[in-house]
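Engineer: Quick one: the structure is below, and I'll ask about it shortly.
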C-alpha cells in the first residue's frame with residue numbers, strides 16, 4: 007500500500023567510472039546512457055572529437071580506446087571503464103619526437119600533404135589513421151583506402167589523406 011505522505015523516490019542515475027584520457031587519469035560520474043562522445047565534448051570540453059552523423063556512419067567521432075579506433079558516438083562511456091582514451095588533443099603526446107608539444111608524425115604528414123580542406127573530419131581521420139597503423143593490416147594504397155573507408159570526407163581530400171598515411175607508414179613522416 008502506498009502512503010499518501012511517503013517521500014519521493016530519488017533515482018541515482020550516476021555511475022562511477024575511471025578513464026585515462028590523453029594520459030590523465032579521470033574519475034567521473036556519468037549517466038548510464040552517456041556516450042563517450044558526449045562525455046568528451048560536453049563534460050570534459052574536449053571538442054576536437056566531432057559529432058557528425060551521431061549514427062556511426064561518418065567517422066568524425068573516431069577516438070582511440072586502448073589503441074584501437076572506436077566510434078565514440080556508438081560507445082557508452084560506462085562500457086569503457088578503466089580504458090585508455092586518446093582523442094585528437096592527445097595525439098601529439100603519442101609522437102616519438104619527444105615533448106608533449108611535438109606533433110604526431112601523422113599530424114605532420116597531414117599538414118605536409120594538405121590532407122584536409124574544411125578540417126571537420128580531420129580529428130577522426132587522424133585518430134583512425136593511427137588506429138589503422140596500430141592494427142598493421144594495411145600495406146598498400148588500396149588497403150589503406152579500404153581500412154579508412156569508415157571515415158568520410160565531404161571535401162574529397164581522400165588522395166591526400168592516403169598519401170599522408172602512406173608517407174608515415176614508409177617512415178618518411180618520422
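Residue numbers (this note's numbering): 7 to 180. Ideal Cβ positions, reconstructed from N, Cα and C, are used throughout, including at glycine.
1. Are three or more beta carbon pairs between the segment 37-55 and the segment 69-87 nearer than 8 Å?
2. To the nearest angstrom, report how far apart residue 134 and residue 69 are at their CA atoms.
3. Check for me: the alpha helix (DSSP H) holding residue 1 runs from which residue to which?
4. Does the Cβ of residue 91 have 16 or more other Cβ atoms within 10 Å, making it buried, or fewer, making it exposed?
5. Could you tell me the distance, in whole angstroms, from the CA atom of residue 140 to the CA atom of residue 150?
6. By the DSSP assignment, the beta strand (DSSP E) with residue 77 in it spans what residues?
7. Assess contact between the segment 60-75 and the segment 154-170, defined as three or more Cβ pairs (one per stretch) separated by less than 8 Å. Is contact present?
8. Consult DSSP for residue 128 and reduce its assignment to one of helix, strand or coil.
9. How many whole angstroms separate the CB atoms of residue 194 and residue 94, which I take to be in contact at a CB cut-off of 8 Å?
10. By DSSP, does residue 53 sit in helix, in strand, or in coil?
11. Could you spell out the range, first to last residue, of the alpha helix (DSSP H) harbouring residue 174?
12. For residue 51, count neighbouring C-beta atoms within 10 Å of its own C-beta (all shown protein chains included) and say buried if the count is 16 or more, exposed if not.
13. CA-CA distance, residue 112 and residue 171?
14. On the DSSP bridge list, what partners appear for residue 60?
15. Would you call residue 72 buried or exposed, if buried means 16 or more other Cβ atoms sit within 10 Å of its Cβ?
16. According to DSSP, simplified to helix, strand and coil, what is residue 80?
17. What would DSSP say about residue 113, mapped onto helix, strand or coil?
18. Assuming residue 100 is part of the alpha helix (DSSP H), what are its boundary residues?
Structural biologist: The short version:
1. These segments touch.
2. 7 Å
3. The requested residue 1 does not occur in the structure, where the chain is confined to residues 7 to 180.
4. buried
5. 12 Å
6. 74-77
7. yes
8. For residue 128, the three-state secondary structure derived from DSSP is helix.
9. Here the chain has residues from 7 to 180 only, and residue 194 is not among them.
10. Residue 53: coil per DSSP, three-state reduction.
11. Residues 164-175.
12. exposed
13. Going by the C-alpha atoms only, they are around 7 Å apart.
14. Paired residue(s): none; residue 60 is not in a bridge.
15. exposed
16. helix
17. helix
18. 97-100
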